[in-house]
Amino acid sequence: MINQRKQHWFILFLLAAFIALQSILFALIISYQYQRADSLRLSAMQHLATQRATLEGLMNINLVSMRGLQAEFVLDPNLSEERFERIAAQLLDHSLHTRHIAAAPDLVITYIYPVIENYNAIGVDYRDLPAQLESVNQAIATEDITIQPPTNLVQGGRAMIARIPVRLENGELWGVISQVIDYQRLFTDAGIGSHANQPFTTALQVDGVHQFGDTNVWAQEPVLLDVSLDQMHWQLGAYPADGDWRWPLAHFYRGFIVGNVIILAILALLMLAFSSHRRLQATHDLIERRAQTDPLTGLISRSYIRQLIERYIHYCALNNEQFCVLFIDLDHFKQVNDSLGHDVGDALLVEVAQRLWMRLRERDLIARLGGDEFVVVLKQVGDLDTSLNLAHQIQQTLADPFEVAGHTLHMYSSIGIALYPSDGKDVSTLLKNADLAMYSAKSAGRNTSAFFDVSMQQEAQNHLSLSNALREGLKNGQFKVFYQPIVAKSGKVSHVEALVRWLHPTRGLIAPGAFIEVAEKSGAIHALGDFVLAQACQDLALLKQHWPHLKLAVNRSPLEFNDAANPARWLNIIQLAHVKPSDVIFEITESLLMPQQARQQTMIQHLQQQGIAFAIDDFGTGYSSVSYLRRFPAELIKLDKSFVDPLPHDADGLAMAAVLVQMAKALRIRTVAEGVETKAQAACLDTLGVDYQQGYYYAKPLALEKLMDWMRRFEQTDD
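Residue numbers for the sequence shown follow full-length UniProt numbering, beginning at 1 and rising by one.
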């Protein structure tokens, strides 16, 4: 609480501030007066410019008829009255404000239209009218249009008269044409005068003589603007409609009162700000802490770690020090979220953060980037051995079982290591290279560490280049579907497996092993899979015209089962090709039948209910288990080529193959042997009881036309 002395000084401060603000307010009001006057004068000038443009435009439109009539008399000096009236009538139809038009050969009015109400003017000699003769002579002298300000007419009334001389082709003066204009309508249409909702009152004068509008304009301090009509000095003037360029006195007092109210409000706000400063500062500190901290784990946030690394890079550059960045990713963390829920996953991340924090040194930095990714900065560590040793210690710390929400979880991690300055001299490069090293560790089998090297960057660039080329290849029809026959024990071809090949414009024919992984990582696997399924089903419909019993096997990537909308689209593709779902076999890997893949297994069961059969590809190389085969029965299992290669001479290989075949028979699942290359292997597999065989011994993958030729020859050989 402020004591009395501080209150005294604070009151003096407020009083001094009040006086100073009063002076500033007065100066601002005076300054505003002048600024307002200048602004109004500028607006008035713009207003007059608009009226001038309108007036000049209207005058030009009105004078078109007079110029047209001038041309007629030049061509025909003895123009008949009937033709004059017809031409004048046509011209005046396009005139806005013309009352009548007259022609005076030898300065005697002989032609006039309309005659009614203007008959008295016929026969008048301009030489007998001094008030108009000056304007006539001026037009003749200038050889151009002159405009006489409003004057009295012979036939009565007042009007503005425009005149133009007529000279024949030999240069002889024929006479003049006069156009009588209703100036009041003209000036009103141009906006001159006083009008409702207009900020300015305007008037028009010629050679200093008022002609139209409010005469009071000239008694004030008007803004003036010249008008280009003829040789006379036409001038527009404008003045504010409220009567003054500056604020009225009442407005001045009102502004002063309002300003004082604002000053008092400002001083009151200062008092409030003074008392609430600490609370605002505390709130600011809280917001800053939240921006710097990951809300789930309490570690450094993604954005703040970049700032800290950037500062540390600057420090190390000045002091010639080194450090390393560890990019940590938990292996198979997604399975925890999918099987146990995100609450358990979040709790696990909190436990991981605590272990990392306890394992690191006080000077080191640790941040959570998001998901299951963490970054550790090991300060004053620049050699490979020390950084690798610390990475292994972190992996050992995370390898100990976690007890989370009643579940015992075993987690492993992949770590990428990047060193400063050898692997990057800025934040983005260091984090990117550590990330590349982490992916290299995952590719090496997970639960391991890897240092960054430039080949990883090249590999990432190659991956991006291949990914872009793959998408272009899909657009440009570079992918083709080949087929490898599958032969039954009976000696008949029962299936064909669809195998995609990439006919690259420069690299030639590319096998799936070179691009499927890239397609999966880039997301192009969905478009590629749909293309293969659609093309293969269309080809199957053609094949079944000759071999009605034939079925089609198509490989499906596990990633394609992550989208619940895919099964409906696949069934639609099959239907559009006029193929039955029961003629199609999807080949999947064993990983899709693991317990944590419940959502994907529901999709598989739905497809089975629609008639699609499933084969387990590369059986025996992954998570082979009798229990999941019993829960999710497949129609076929395909023995991997690695079990076929040792046959028939390797006893261990023969025993392993026999066990797998017998297990399948016990579960009533048919078997397919892949990679059969010799007659001896085929005979051995036949003896073991394998139901189907596939491999180069029978045929390599073939294009559709070559497949059909091969099948015809194979049937003849079999017969």
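Using N, Cα and C, we set each Cβ at its ideal position, and we do this for glycine too.
Which residue wins for smallest C-alpha separation from residue i, given the options the options?
i           : options               : result
residue 681 : 124, 645 and 669      : 645
residue 88  : 481, 321 and 100      : 100
residue 527 : 510, 548 and 472      : 472
residue 59  : 347, 125, 185 and 444 : 185
residue 451 : 580, 384, 317 and 569 : 384
residue 66  : 170, 412, 28 and 180  : 180
residue 448 : 424, 469 and 412      : 412
residue 721 : 188, 106 and 687      : Here the chain covers residues 1 to 719 and nothing more, so residue 721 does not appear.
residue 641 : 600, 663 and 693      : 693
residue 612 : 574, 648 and 564      : 574
residue 720 : 157, 22 and 114       : Limits of the chain in this structure are 1 at one end and 719 at the other, which puts residue 720 out of reach.
residue 106 : 114, 123 and 115      : 123
residue 339 : 295, 350 and 409      : 409
residue 306 : 493, 365, 380 and 108 : 365
residue 244 : 381, 201, 63 and 562  : 201
residue 371 : 294, 698, 177 and 489 : 294
residue 722 : 45, 415, 9 and 144    : Since the first residue shown for the chain is 1 and the last is 719, residue 722 is missing from the structure and cannot be characterised.
residue 117 : 96, 157 and 92        : 157
Which stretch, first to last residue, makes up the beta strand (DSSP E) that contains residue i?
i           : result
residue 160 : 158-167
residue 551 : 551-555
residue 755 : With the chain represented from 1 up to 719, any question about residue 755 goes unanswered, as that position is not in the structure.
residue 619 : 613-619
residue 180 : 173-181
residue 222 : Unbroken run through residue 222: none, as it is neither H nor E.
residue 206 : 200-206
residue 741 : Outside the displayed range of the chain (1 to 719) lies residue 741, so it cannot be described from this structure.
residue 98  : 98-105
residue 451 : 449-451
residue 404 : 402-404
residue 113 : 111-113
Which of the three DSSP states is assigned to residue i in this structure?
i           : result
residue 380 : coil
residue 387 : helix
residue 240 : strand
residue 73  : helix
residue 480 : strand
residue 720 : Since the first residue shown for the chain is 1 and the last is 719, residue 720 is missing from the structure and cannot be characterised.
residue 31  : helix
residue 397 : helix
residue 444 : coil
residue 1   : Confidence in residue 1 is poor, its pLDDT being 46 and thus under 50, which makes the residue's placement too unreliable to answer from.
residue 64  : helix
residue 698 : coil
residue 509 : strand
Between which two residues does the alpha helix (DSSP H) harbouring residue i extend?
i           : result
residue 151 : Counting along the chain, residue 151 falls outside any alpha helix (DSSP H), though it belongs to the beta strand (DSSP E) covering 146-152.
residue 233 : Careful: residue 233 lies outside any alpha helix (DSSP H) and carries neither H nor E.
residue 526 : 525-543
residue 515 : Where residue 515 is concerned, there is no enclosing alpha helix (DSSP H), given that its DSSP letter is neither H nor E.
residue 412 : Careful: residue 412 lies outside any alpha helix (DSSP H) and carries neither H nor E.
residue 130 : 130-142
Going by other Cβ atoms of all chains shown within 10 Å of its Cβ, with 16 needed for buried, is residue i buried or exposed?
i           : result
residue 551 : buried
residue 399 : exposed
residue 319 : exposed
residue 368 : buried
residue 19  : exposed
residue 560 : buried
residue 701 : buried
residue 358 : exposed
residue 695 : buried
residue 13  : exposed
residue 2   : With a pLDDT of 43 at residue 2, under the threshold of 50, the predicted position of this residue should be treated as unreliable, though the coordinate-derived value follows. Flag for residue 2 reads exposed.
residue 491 : exposed
residue 564 : exposed
residue 387 : buried
residue 329 : buried
residue 81  : exposed
residue 62  : buried
residue 235 : buried
Would you say the beta carbon of residue i comes nearer than 7 Å to a heavy atom of the ligand GTP?
i           : result
residue 390 : The ligand GTP is not among the ligands present in this structure, which contains no ligands whatsoever.
Q | Within the segment 557-603, ranges of the beta strand (DSSP E) (whole runs, at least 3 residues) | A | 584-588
**Q.** Every unbroken alpha helix (DSSP H) inside the segment 635-693 [4 residues or more]
**A.** 641-644, 651-666 and 679-688
Q: Ignoring anything shorter than 4 residues or poking outside the segment 313-392, list the alpha helix (DSSP H) runs there in chain order.
A: 333-340 and 342-359
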